[in-house]
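**Student:**
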């Protein structure tokens, strides 16, 4: 392998990493079109040795988030790690419970366990002090195609209908559209994706989409 080829591959990998931003987690599989497996593995090892990326677990890396206030790298983003594993193994996944609420900003409590429904085999990993678990589920529980749709459904289900008021609807809307109104294309895609979920959840999502599409969410 020539140094020129190796450097070119590293540059392409870095471009993709930087494009996804800090916190992104990934495996060799995410760069499979850039070269053979040995070349990708060697390139990732070089970047990890330099400290540009971090090895989270065997075969999985991230581009660490950095806190200027703490002057150090933050712990891996567990949701990013989960989705990197899902891409690596070809799974469809959905986060559940308090983890969904935390990701969407409706809970400040940092979960010590992240549970994802999966169409793959049941597996568990320990990432630092956090348990990441994948539980094999029926396909009917994984019928949303979009990540934002799945988060809405699981977070609303975790709260329960009695605990979803205007403040919660506004918070969900701000997650979907933090800076500007939600584009009609995304709104319609989420609406179609969640058309057949439990009635009260579907109705709540339609309210959230209406808020997110207006200036009221901000």
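Residue numbers (my numbering): 23 to 240. Note that the Cβ used here is the ideal one computed from N, Cα and C, for glycine as well. Since this is a predicted model, take the numbers as computed values, not measurements.
1. According to DSSP, residue 241 sits in a beta bridge with which residue or residues?
2. Classify residue 67 as buried or exposed, calling it buried when 16 or more other Cβ atoms lie within 10 Å of its own Cβ.
3. Pick helix, strand or coil for residue 68, following the three-state DSSP scheme.
4. Just checking, does the segment 152-160 make contact with the segment 197-217 on the three C-beta pairs under 8 Å criterion?
5. Which partner residues does residue 117 have in the DSSP bridge list?
6. For the segment 31-104, which segments carrying the beta strand (DSSP E) assignment without a break, of at least 3 residues, lie completely within its bounds, in sequence order?
7. Excluding five sequence neighbours on each side, which residues of the same chain lie with their C-beta closer than 7 Å to the C-beta of residue 171?
8. Would you mind sorting residue 120 into buried or exposed? The rule is 16 or more other CB atoms within 10 Å of its CB.
9. On the DSSP letters alone, give me the boundaries of the alpha helix (DSSP H) that residue 207 sits inside.
**Tutor:** Checking against the coordinates, here is how it stands:
1. Lying outside 23 to 240, the shown extent of the chain, residue 241 is not represented and no answer is given.
2. exposed
3. helix
4. no
5. 138
6. 47-49, 76-79 and 82-84
7. 212, 215 and 216
8. buried
9. 206-215
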